[in-house]
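So the sequence shown is numbered by this note's numbering: it starts at 2 and just counts up by one.
Cβ atoms here follow ideal geometry from the backbone N, Cα and C, with glycine treated the same way.
No experiment lies behind these values; they were computed from the predicted model shown.
See structure below.
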Amino acid sequence: MTDALEEMLEEDIVFGVYAPGTRLVEDRVMERYGVSRHATRAAFAALENRKLLVHMPNRGVEVVRYTPDEIDDLYDIRLILETAAAERTSLPVDPAIIDQLTQIAHAHEAAWARGDYRQVFSQNLRFHQAQYACCANAPLIELIENCTRMVQPIRAIKYDDPDHMREVISQHHQIINAMQGSDRQRYIEAVRQHLPASAKAYREFYSRRFDRTADLHSQSVAAS
């Protein structure tokens, strides 16, 4: 049950049920998901270990709230790790893996077309797990997965932006096409081009949500 709760909480964090900075209360989580206190605490500990939750003194756990600069730093790390994996992937990859990636890419696109954003999220994870499984360096793959999970709270910000999603879908196919050939630089560039959009989107989101909140608070204090 702990693993299932961990997965449900992760998705609810991604999709804003629990927004950045939201405090998670054990009793409310137990009631919402129908789980025990033990399972709730174990899931909290797992998500805290994965940097999706942070422990706040005298407050319990909250959903992590990154600043745009912190997200930029994390995406810098992702760029280093993921291009390193691309450099260490034998090309061209097995045709069976290309077929698998193509099927996942189509499922991802179909999920977006019908507005099933949770499946968009799930299929995107599957796509990149299958992509980086082609790299023979297991510790590097683990680092990529850990870093990817750290930025999960910002992943769904632009799922409802058609231009952004069409670009993401196109980039998935560019990655597949590059993996079919032997041009390593082409594959590295496809990986590189796929990363910046989410960080930029988060900076815009953060400015709208938190800078505006700070302005309203300042105005309230000044008026009191």
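Contact set for residue i: own chain, Cβ-Cβ below 8 Å, skip 5 residues either direction
i      : result
Tyr118 : Phe16, Ala112, Ala157, Tyr160 and Asp161
Thr68  : Tyr207
Arg60  : Arg24
Pro21  : Val64, Val65, Arg66, Tyr67 and Pro154
Gln172 : Ala191, Gln194 and His195
Glu88  : Arg185 and Ile189
Where residue i sits in the DSSP three-state scheme
i      : result
Cys136 : strand
Val62  : strand
Val94  : coil
Val169 : helix
Leu82  : helix
Leu141 : helix
Leu102 : helix
Arg38  : helix
Leu196 : coil
Arg24  : strand
Ala108 : helix
Ile177 : helix
Ser208 : helix
Thr149 : helix
Tyr160 : coil
Arg33  : helix
Ser183 : coil
Val18  : coil
One or two residues paired with residue i in a DSSP bridge
i     : result
Val55 : Glu63
Residues of its chain near residue i, where Cβ-Cβ distance is below 7 Å and the 5 sequence neighbours each way are ignored
i      : result
Ala179 : Arg187, Tyr188 and Ala191
Ile177 : Ile99, Leu102, Thr103 and Ala106
Val121 : His109, Ala112, Trp113 and Tyr160
Thr84  : Ile189, Val192 and Arg193
Arg9   : Residue identity differs from the one stated: residue 9 is Met in this sequence, not Arg. Answer for Met9: Tyr34, listed in chain order.
Ser183 : Leu92 and Pro93
Gln175 : Ala191
Closer than 8 Å to chain B by CB, residue i
i      : result
Cys135 : In the structure shown, chain B does not exist; there is a single protein chain.
Own chain partners of residue i with C-beta closer than 6 Å, once the 5 adjacent residues on each side are dropped
i      : result
Tyr133 : Ala86, Ile142 and Ile145
Ala139 : none
_Contact between the region 62-76 and the region 125-141 is defined here as three or more beta-carbon pairs at a separation below 8 Å; is this criterion met?_
Not touching, per the Cβ criterion.
*Counting pairs of Cβ atoms below 8 Å between the region 53-73 and the region 99-106, do you hit three or more?*
No: the two stretches stay apart, fewer than three of their Cβ pairs being nearer than 8 Å.
*Any chance the region 144-154 sits against the region 37-46, with 3 or more Cβ pairs inside 8 Å?*
Output reads no: the region 37-46 does not touch the region 144-154.
*Given 8 Å as the limit, is there contact between the region 194-204 and the region 85-93, that is, 3 or more CB pairs closer than that?*
No, the region 194-204 does not touch the region 85-93.
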